[in-house]
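Enquirer:
Protein chains: 2
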Amino acid sequence: MNLDLLKEYASLLVRCGANVQAGQVVVVKGPVEAYEFIRLVVKEAYVAGAKHVVVEYEDLTNLKNSLFYKDIKTLENIPSYELAKFDYEVSNNACFISLTAPNPDALRVIEPIKLQTYNRALSKAKKEVNEYTMKSVGQWTVAGVATLKWAEKVFPNDSEAVDKLWKAILEASRVSVTGSIKNWQAHSEEIEKHAKLLNSLNLKKLHFKNDIGTDLVVELADKNIFAGGDEYSKSKVRFSPNIPTEEVFGMPHKLRVNGKVVSTKPLIYQGGLIDDFSLIFKDGKVIEYSAKKGIELLKNLLEFDEGSSYLGEVALISHNSPISNQNILFYNTLFDENASCHLALGAAYPMNTLNGNELSEEELISRGCNISNTHVDFMFGSSDMEVIGTSLDGKDIKIFENGNFVI
Amino acid sequence: MNLDLLKEYASLLVRCGANVQAGQVVVVKGPVEAYEFIRLVVKEAYVAGAKHVVVEYEDLTNLKNSLFYKDIKTLENIPSYELAKFDYEVSNNACFISLTAPNPDALRVIEPIKLQTYNRALSKAKKEVNEYTMKSVGQWTVAGVATLKWAEKVFPNDSEAVDKLWKAILEASRVSVTGSIKNWQAHSEEIEKHAKLLNSLNLKKLHFKNDIGTDLVVELADKNIFAGGDEYSKSKVRFSPNIPTEEVFGMPHKLRVNGKVVSTKPLIYQGGLIDDFSLIFKDGKVIEYSAKKGIELLKNLLEFDEGSSYLGEVALISHNSPISNQNILFYNTLFDENASCHLALGAAYPMNTLNGNELSEEELISRGCNISNTHVDFMFGSSDMEVIGTSLDGKDIKIFENGNFVI
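First to last, the protein sequences are chains C and D. By this note's numbering, the letter at position 184 of the first sequence is numbered 184, and the numbering carries on one by one without gaps. By this note's numbering, the letter at position 258 of the second sequence is numbered 258, and the numbering carries on one by one without gaps.
Written as structure tokens, this is what we have:
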């Protein structure tokens with residue numbers, strides 16, 4: 001891929017994504033295979049004035065061997081030096097740049113019980129880091145990075161797979177040789193306008209319906225606020241949590257979701273694939289589920305903790321969004337979720353209720369906010385999706401017709 | 001490079017190099033570019049029963065940017081999570097596998113004062129780790145790994161440089177498709193015999209002389225013990241600290257080295273090159289020095305701390321050693337030192353004096369042991385080197401003639 005474009009992209013992630021501030025600690029996390037692109041991001045972070053950059057390389061092959069050979073007891077403990085790193089990051093008010101490149105087959109040989117044990121231990125160890133980002137105490141951004149394994153999944157048997165994937169990532173992220181930052185900022189403002197419009201409708205609930213079986217009523221949390229586009233950290237630094245993003249999203253009321261939802265795209269979870277699945281909700285909780293692929297992983301997800309069988313996010317995206325129109329199945333939630341209406345199991349974002357980032361856990365719960373140590377998006381949008389909203393004063397409003405916004 | 005050979009090599013490093021014990025923590029350290037070979041080592045460590053493998057990726061490009069953009073004050077502090085990692089390694093009685101691949105041009109743009117500041121801070125932070133390995137509390141091994149940058153230095157303008165470098169590394173390390181471990185063990189035993197023979201001579205001092213200007217008398221520390229080949233950790237686990245190794249080495253008396261030594265191979269230090277240099281010693285201390293290349297780096301080294309202008313090691317290697325006969329300038333001390341007699345500035349290995357690993361610092365100093373936070377080997381062997389030893393009872397014994405052992 002053209003080095004100038006990659007530099008533009010690195011710059012976009014540092015300047016708009018995390019919006020690195022002078023003197024700040026920056027965490028750059030990504031797959032070790034992408035070390036060359038990671039270098040560009042690290043350099044750009046220093047150019048932007050970073051005091052120190054923590055680089056966290058991820059290697060699913062090493063993780064696979066670690067999980068395969070360790071016993072369950074060992075997996076229950078995250079080594080102390082890892083905990084110290086998380087502490088350092090939070091206590092130094094770091095910002096986070098996370099590069100994702102799924103490799104859904106990497107952990108296939110690992111017993112689900114081992115995966116679950118490890119992921120629970122890691123979630124517990126990262127509780128503060130996760131709260132820090134969920135509450136946007138500091139800035140954070142998640143973006144894609146092309147690797148061979150991911151590219152081969154998206155473009156099988158194609159010798160140009162990596163280049164094609166880079167092209168798709170950069171296109172979705174509005175990167176061009178010049179003007180990437182301006183393009184991105186304009187796009188973020190568009191999404192924010194959209195969220196404002198939705199908020200002006202004072203919606204109480206959303207009813208999703210399509211021909212493949214989704215028939216779901218999602219009541220929104222008290223004082224729900226639809227968000228999208230940029231956010232602000234506690235110290236009022238603007239940042240873009242996802243690059244790319246097309247979504248406007250709100251907070252479902254934890255205990256007021258009823259009906260059935262049918263997935264429309266595969267979901268990568270714990271390094272494996274869950275596909276063709278459906279969930280039935282009663283009073284917020286998943287009471288029945290099925291999956292043609294990855295049922296064990298889905299079970300792991302739903303049983304991860306108390307909150308992981310309740311919703312934490314509801315997101316609206318037109319079926320003809322730019323990412324959707326690329327017509328690529330990315331096998332990466334960051335991209336696929338932006339091509340489709342989606343929900344998330346697990347923790348809700350406190351910012352999706354009025355002044356939520358300032359509320360205590362009890363106050364959040366009383367608003368209907370779901371608490372969990374996980375947050376996993378899944379896609380259920382379709383070209384025939386209808387969404388009817390009901391406002392607080394009882395009026396029905398058509399929000400989606402044939403998969404697209406009509407407001 | 002043939003994957004089976006690389007797996008053999010990874011196995012050699014784990015089984016003979018660090019000799020990983022069941023239930024042990026293992027640290028695998030190496031350049032990020034070599035992540036694929038690192039995976040083989042990590043897997044082999046788990047197969048050998050490692051409880052946990054800490055992977056430390058090194059990236060000189062990120063380090064360069066970190067040093068370039070940070071101010072001196074920031075460089076004085078090593079982040080707390082790094083300290084926690086060093087603590088974890090020592091307190092868990094880890095063994096260490098370090099993969100080296102020099103890239104002498106990587107840090108050329110960095111001001112020497114910044115390099116010195118960072119390296120001093122790092123040495124201080126790693127004091128316990130360094131003592132842990134210098135005293136062989138746990139097992140450790142240093143070995144080579146081929147990277148593009150290193151290969152291009154050794155075989156410039158050669159499209160097969162990486163393969164050629166791998167070939168040279170594997171040959172020097174006695175790796176073959178079968179029998180690598182047996183070959184290596186036999187070789188280690190040969191070196192141990194050699195060290196025993198030297199010890200039987202009860203040498204008091206060594207006089208080095210050749211035609212390019214070396215004329216140096218190195219008196220040995222009290223109760224000097226020549227070592228070479230394998231070592232034993234505190235808990236009596238056998239290990240090979242260097243793969244490859246050809247050397248037999250002893251402890252110079254810190255205060256009893258006099259004369260001049262002229263280098264015969266370049267030296268990589270702090271990511272830069274020192275070449276064509278000479279040192280003049282009086283009562284153990286370097287009192288004059290010159291270098292055609294890298295004089296600033298040499299100054300940095302000599303002024304690193306009090307001990308870095310005194311010797312800590314004297315090693316004897318025949319000029320026609322197998323590595324020497326490959327006739328390759330590796331620009332990597334691990335290899336080049338095994339093709340040439342060498343000395344080290346900085347810390348001595350306590351094991352080079354009788355029961356040294358059990359002695360206090362004061363006791364070691366009284367034996368003539370040099371204490372320092374650094375240890376840097378440099379090469380001065382030549383094809384015309386003569387070495388005359390003098391025994392404790394005053395007899396002269398010819399040790400080297402025309403660059404080779406004659407005992």
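Ideal Cβ placement from N, Cα and C applies to all residues, glycine included.
Just the C-alpha distance for Glu76/D and Tyr118/D, rounded to the nearest angstrom, thanks.
Expert: Each residue's Cα considered, the two are about 6 Å apart.
Enquirer: By the DSSP assignment, the alpha helix (DSSP H) with Asp87/D in it spans what residues?
Expert: Ser80 to Ser91 is the span of the alpha helix (DSSP H), which, as asked, contains Asp87/D.
Enquirer: Count the CB pairs spanning the region 348-357 of chain C and the region 222-234 of chain C that are closer than 8 Å, and state whether there are at least three.
Expert: With a cut-off of 8 Å, the region 222-234 of chain C and the region 348-357 of chain C count as touching, because enough Cβ pairs lie within range.
Enquirer: Could one say the Cβ of His207/C lies closer than 8 Å to chain D's Cβ atoms, at least one of them?
Expert: So no, His207/C is outside the interface.
Enquirer: Can you list the residues of chain D that Tyr88/C reaches, using a CB-CB cut of under 7 Å?
Expert: Per Cβ cutoff of 7 Å: Pro79, Ser80 and Tyr81.
Enquirer: Counting C-beta neighbours from all protein chains within 10 Å, is the total for Arg108/C 16 or more, i.e. buried, or is it exposed?
Expert: The residue is exposed, with fewer than 16 neighbouring Cβ atoms inside 10 Å.
Enquirer: Is there at least one Cβ from chain D nearer than 8 Å to Asn218/C's Cβ?
Expert: With the sequence shown as reference, residue 218/C is identified as Val, and Asn is not the correct amino acid for it. Judged by the 8 Å Cβ criterion, Val218/C is not in contact with chain D.
Enquirer: Which residues in the same chain as Pro264/C place their Cβ atom closer than 8 Å to its Cβ, once the five residues preceding and following it in sequence are excluded?
Expert: In the sequence on display, residue 264/C carries Thr and not Pro. Taken in chain order, the residues that qualify are Ile212, Ser340, Met379, Phe380, Gly381 and Ser382.
Enquirer: Can you say whether Leu197/C is buried or exposed, counting buried as having 16 or more other CB atoms within 10 angstroms of its CB?
Expert: Burial call: exposed.
Enquirer: For my contact list, Asp276/D and Ala291/D are in at a C-beta cut-off of 8 Å; report their separation, rounded to the angstrom.
Expert: Indeed they touch by this definition, with Cβ atoms about 6 Å apart.
Enquirer: Below 8 Å on the Cβ atoms is my guess for His52/D versus Pro244/C; work out the distance and round it to an integer in Å.
Expert: His52/D to Pro244/C, Cβ: 37 Å. No contact.
Enquirer: Assign Ile169/C to buried or exposed, taking buried as 16 or more other Cβ atoms, counted over all protein chains shown, within 10 Å of its Cβ.
Expert: When all chains shown are included, Ile169/C counts as buried.
Enquirer: Closest to Lys114/C by CA distance: which of Arg367/C, Met1/C, Asn2/C and Leu63/C is it?
Expert: Among Arg367/C, Met1/C, Asn2/C and Leu63/C, the Cα nearest to that of Lys114/C belongs to Leu63/C.
Enquirer: Where Ser391/C and Asn300/C are concerned, what is the direct C-alpha to C-alpha distance, given to the nearest angstrom?
Expert: Cα-Cα distance, rounded: 36 Å.
Enquirer: Using a C-beta cutoff of 8 Å, does Ala84/C count as contacting chain D?
Expert: True, the Cβ-Cβ gap to chain D drops below 8 Å.
Enquirer: Report the three-state DSSP secondary structure of Asp396/C (helix, strand or coil).
Expert: In the structure shown, Asp396/C sits in a strand (DSSP, three-state: E or B).
Enquirer: Checking contacts by CB at 8 Å: is Arg39/C closer than that to chain A?
Expert: Among the chains of the structure shown, chain A does not appear; the protein chains present are C and D.
Enquirer: Please give me, in chain order, every unbroken run of the beta strand (DSSP E) with length at least 3 that falls completely inside the region 278-312 of chain D.
Expert: Segments of the beta strand (DSSP E) lying fully in the region 278-312 of chain D: 285-293.
Enquirer: According to the Cβ coordinates, are Val257/D and Phe281/D closer than 8 Å?
Expert: Yes.
Enquirer: Whose C-beta lies closer than 8 Å to the C-beta of Ile287/D among residues of the same chain, with five residues either side of it excluded?
Expert: So the qualifying residues of the chain are Ile280 and Phe281.
Enquirer: Would you list the residues sitting across from Trp150/D in a DSSP beta bridge?
Expert: In DSSP, Trp150/D forms no bridge with anything.
Enquirer: Could you run through the region 55-76 of chain D and flag, in chain order, every residue whose CB is less than 8 Å away from some CB of chain C?
Expert: Residues Val55, Tyr57, Asp59, Thr61, Asn62, Asn65, Ser66, Phe68, Tyr69, Lys70 and Thr74.
Enquirer: What in chain D is Cβ-close to Val47/C, meaning under 9 Å?
Expert: Within chain D, the residues near Val47/C are Asn65 and Tyr69.
Enquirer: Answer yes or no: does any C-beta atom of chain D fall closer than 8 Å to that of Ile52/C?
Expert: It should be noted that the sequence gives His, not Ile, for residue 52/C. It does: the Cβ of His52/C has a partner Cβ on chain D nearer than 8 Å.
Enquirer: Let's see if you can read the secondary structure: which residues bound the beta strand (DSSP E) around Ile268/D?
Expert: Its beta strand (DSSP E) spans residues Leu267 to Tyr269.
Enquirer: Give the straight-line distance between the Cα atoms of Glu152/C and Gly271/C, rounded to the nearest whole angstrom.
Expert: Cα to Cα, Glu152/C sits roughly 16 Å from Gly271/C.
Enquirer: Have a look at Val54/D and Tyr69/C and give me their C-alpha separation to the nearest angstrom.
Expert: C-alpha separation (whole angstroms): 14 Å.
Enquirer: Between Asn227/D and the rest of its own chain, which residues show a CB-CB distance below 8 Å, the 5 nearest in sequence each way excluded?
Expert: In the sequence on display, residue 227/D carries Ala and not Asn. For Ala227/D, where only same-chain residues beyond five positions count, the Cβ hits under 8 Å are Ala195, Val248, Phe249, Gly250, Tyr349, Met351 and Asn352.
Enquirer: If contact is defined by three or more beta carbon pairs under 8 Å, each pair taking one atom from either stretch, is the region 321-340 of chain C in contact with the region 2-20 of chain D?
Expert: The region 2-20 of chain D vs the region 321-340 of chain C: no contact.
Enquirer: At least one CB of chain C closer than 8 Å to the CB of Tyr35/D: is that the case?
Expert: Output row for Tyr35/D: interface = yes.
Enquirer: Does the beta carbon of Val32/C come closer than 8 Å to any beta carbon on chain D?
Expert: Yes, Val32/C counts as interfacial toward chain D.
Enquirer: Could you confirm whether any beta carbon from chain D is found closer than 8 Å to the beta carbon of Lys124/C?
Expert: Answer no: the Cβ-Cβ gap between Lys124/C and chain D never drops below 8 Å.
Enquirer: Looking at chain D, is there any beta carbon in it that lies within less than 8 Å of the beta carbon of Val154/C?
Expert: With 8 Å as the cut-off, Val154/C does not count as an interface residue toward chain D.
Enquirer: Can you list the beta strand (DSSP E) stretches of 3 or more residues lying completely in the region 224-273 of chain C, in chain order?
Expert: Entirely contained in the region 224-273 of chain C, the beta strand (DSSP E) runs reaching 3 residues are, in chain order, 248-250, 252-262 and 267-269.
Enquirer: When you compare only the Cα positions, how much space is there between Glu246/C and Asn320/C?
Expert: Spanning the two alpha carbons is a distance of roughly 11 Å.
Enquirer: According to the neighbour-count rule (16 or more other Cβ atoms, all chains shown, within 10 Å of its Cβ), is Ser91/C buried or exposed?
Expert: Under this definition Ser91/C is an exposed residue.
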